[in-house]
Amino acid sequence: MDDHRWPLGPPGAANFDIPSSARVYDFLLGGTSHGAVDRVMGRDLARAEPLVVSVVRENRSFLRRAVTFLARAGIDQFLDLGSGIPTMGNTHEVARRVNPDARVAYVDIDPVAVAHGELLLGEAAPGVSVTHADLRDPEKVLAAPAVAGVLDFARPVGVLMFSVLQHVSAADDPADVVNGYVSEVAPGSALAVSHLSADDPRIDMDAILGPTSAYRSGRATTRSAAELAALIAGVELVEPGLVFAAQWRPEARRHRGPLAEPCCGHRAAVGFLPA
18 MDDHRWPLGP PGAANFDIPS SARVYDFLLG GTSHGAVDRV MGRDLARAEP
68 LVVSVVRENR SFLRRAVTFL ARAGIDQFLD LGSGIPTMGN THEVARRVNP
118 DARVAYVDID PVAVAHGELL LGEAAPGVSV THADLRDPEK VLAAPAVAGV
168 LDFARPVGVL MFSVLQHVSA ADDPADVVNG YVSEVAPGSA LAVSHLSADD
218 PRIDMDAILG PTSAYRSGRA TTRSAAELAA LIAGVELVEP GLVFAAQWRP
268 EARRHRGPLA EPCCGHRAAV GFLPA
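Quick note, the sequence shown lines up with residues 18 to 292 if you use our numbering.
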């Protein structure tokens, strides 16, 4: 494999030496695209905070509801930033249940997650691409061939940032990162975001985030509802506004068990840019 395809490093064995947030997330979702080091991290997280599996799965459920809502609202192309491994209810599958012609550009910094994505998608999903890039550089992401070649930025785009902004530190100015995308997409575009909460008393975030310092990106940063609101100022939020992920237009619960009651952990919101 030519290294020029991987500007942040090729997906070699060294990338499995330490856990990856994308692959640990896949493990907690019940996926199969992860390694031993990721399973160890996932089990450590679950022991430290037993609700972590519910937190992760509620966030994935929010993705499904948010993408479905946007597709029904007429958004037919999506930029999924920090997408992780496109499996276990991914964006293009959800969007195409509403609009079979929906187009999706996935972007992630983890070369192994991207390699998995390319393998999983193959040639079976025209109109879907996977790009290895750092979301903290919006200009490069938006100009990447596999992004610009799939999405038409003259038309509205759904910008998705699910559980990824916590990996953007204050030093990297997350508000500037968000603005780097929403300022470049067409009027009428949308933003869907979820973020680990700093002000949820139900979750021991220190127990979750302590082990995540082993990630290449370092320990994630939780933010309060007010801090997240500041990052997405200027986006016209739809009802119910900025809430916990499980509270955003919840579906009726059809089962009992660990997820029978709404959980916690992520704040979430969906909104549109002024037309």
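A virtual CB, placed ideally from N, CA and C, is assigned to each residue, including glycine.
- Starting from the Cα of Asn76, find the closest Cα among Ala171, Ala263 and Ala269 and give me that residue. Residue mapping note: residue 76 aligns to position 59 of the sequence shown, counting from 1. Asn76 has its Cα closest to that of Ala263, out of Ala171, Ala263 and Ala269.
- Message: Taking the alpha helix (DSSP H) that Asp123 belongs to, which residues open and close that run?
- Response: Here residue 123 refers to the residue found at position 106 of the sequence shown. Reading the sequence as shown, one finds Tyr at residue 123 and not Asp. Annotation for Tyr123: no alpha helix (DSSP H) segment contains it, though the beta strand (DSSP E) segment containing it runs Arg120 to Asp125.
- Secondary structure at Thr85, three-state DSSP: helix, strand or coil? The count along the sequence shown starts at 1 and reaches residue 85 at position 68. The answer is helix: DSSP assigns Thr85 an H, G or I state.
- Work out the CA separation of Ala292 and Ile35 for me, nearest whole Å. Against the sequence shown, residue 35 aligns to sequence position 18. Against the sequence shown, residue 292 aligns to sequence position 275. A straight-line Cα-Cα distance of about 44 Å links Ile35 and Ala292.
- Would you mind stating whether Val174 and Leu168 have Cβ atoms separated by less than 7 Å? The residue labelled residue 174 in the question sits at position 157 within the sequence shown. The residue labelled residue 168 in the question sits at position 151 within the sequence shown. Yes, the Cβ-Cβ distance between Val174 and Leu168 is below 7 Å.
- Considering Ser38, what are the terminal residues of the alpha helix (DSSP H) in which it resides? Within the sequence shown, the letter at position 21 stands for residue 38. Counting along the chain, the alpha helix (DSSP H) containing Ser38 begins and ends at Ser38 to Leu46.
- Does the beta-carbon distance from Ala80 to Val199 come in below 7 Å? Counting from 1 along the sequence shown, the entry for residue 80 is found at position 63. Counting from 1 along the sequence shown, the entry for residue 199 is found at position 182. Checking the sequence shown, residue 80 turns out to be Leu, not Ala. For the pair Leu80 and Val199, the CB atoms are not nearer than the 7 Å cut-off.
- Quick check: the region 90-97 against the region 121-133, are there 3 or more CB pairs under 8 Å? With the cut-off at 8 Å, the region 90-97 and the region 121-133 touch.
- Message: Taking the straight line between their C-alpha atoms, what separation do you get for Leu254 and Thr49?
- Response: One-based indexing of the sequence shown puts residue 254 at position 237. One-based indexing of the sequence shown puts residue 49 at position 32. Computed Cα separation, rounded: 35 Å.
- Message: Quick check on the DSSP output: the beta strand (DSSP E) that includes Ala247 runs from which residue to which?
- Response: The count along the sequence shown starts at 1 and reaches residue 247 at position 230. Here Ala247 belongs to no beta strand (DSSP E); instead the alpha helix (DSSP H) covers Ala242 to Leu248.
- Three-state secondary structure (DSSP) of Ser50: Within the sequence shown, residue 50 is the residue found at index 33, counting from 1. Here Ser50 carries a coil assignment [DSSP, helix/strand/coil].
- Would the region 135-145 and the region 51-61 be scored as touching if the rule is three or more Cβ pairs under 8 Å? The answer is no - the region 51-61 does not touch the region 135-145, with fewer than three Cβ pairs under 8 Å.
- According to the Cβ coordinates, are Ala39 and Ala187 closer than 7 Å? The residue given as residue 39 occupies position 22 in the sequence shown. The residue given as residue 187 occupies position 170 in the sequence shown. Taking 7 Å as the Cβ cut-off, Ala39 and Ala187 do not qualify as a contacting pair.
- Message: Rounded to the nearest angstrom, what separates Glu201 and Ile249 at their Cα positions?
- Response: Translated into positions along the sequence shown, residue 201 becomes position 184. Translated into positions along the sequence shown, residue 249 becomes position 232. For Glu201 and Ile249, the distance between alpha carbons rounds to 15 Å.
- Item | Val145 (DSSP reduced to helix, strand or coil) | To locate residue 145, count along the sequence shown from 1; it is residue 128. Reduced to three states, the DSSP call for Val145 is strand.
- Message: Taking a contact to mean a Cβ-Cβ separation below 7 Å, would you say His184 touches Ala237 in this structure?
- Response: Counting from one through the sequence shown, the residue named residue 184 turns up at place 167. Counting from one through the sequence shown, the residue named residue 237 turns up at place 220. Contact flag set, yes.
- Output yes or no for whether 7 Å exceeds the beta carbon distance between Ala65 and Ala242. By one-based count along the sequence shown, residue 65 stands at place 48. By one-based count along the sequence shown, residue 242 stands at place 225. At least 7 Å separates the beta-carbon of Ala65 from that of Ala242.
- Message: If I measure Cβ to Cβ from Gly91 and keep anything under 8 Å in the same chain, skipping five residues before and after, which residues do I get?
- Response: Locating residue 91 in the sequence shown gives position 74, counting from the first residue. Taken in chain order, the residues that qualify are Pro173.
- Message: Short of 7 Å in beta carbon distance, which residues of its chain neighbour Gly274, apart from the five on each side in sequence? Order them along the chain.
- Response: Position 257 of the sequence shown, counted from the start, is the residue given in the question as residue 274. Bear in mind that the predicted position of Gly274 carries a pLDDT of just 46, short of 50, making it too unreliable to give a figure here.
- Message: Between Val69, Ile220, Arg113 and His212, which has its C-alpha nearest Leu259's C-alpha?
- Response: The count along the sequence shown starts at 1 and reaches residue 259 at position 242. Ranked by how close their Cα comes to the Cα of Leu259, the residues Val69, Ile220, Arg113 and His212 have His212 in first place.
- Taking Cβ positions, are Arg89 and Val69 nearer each other than 7 Å? By one-based count along the sequence shown, residue 89 stands at place 72. By one-based count along the sequence shown, residue 69 stands at place 52. Contact: no.
- Query: Could you give the distance in angstroms between the alpha-carbon of Leu25 and the alpha-carbon of Pro204?
  - Reply: Taking the sequence shown and counting its residues from 1, one reaches residue 25 at position 8. Taking the sequence shown and counting its residues from 1, one reaches residue 204 at position 187. At Leu25, the pLDDT of 39 sits below 50, so the modelled position is not reliable and the matter cannot be decided from this model.
- Message: Suppose contacts are defined by Cβ-Cβ distances below 7 Å. Is Val287 in contact with Ala119 by that definition?
- Response: The count along the sequence shown starts at 1 and reaches residue 287 at position 270. The count along the sequence shown starts at 1 and reaches residue 119 at position 102. Taking 7 Å as the Cβ cut-off, Val287 and Ala119 do not qualify as a contacting pair.
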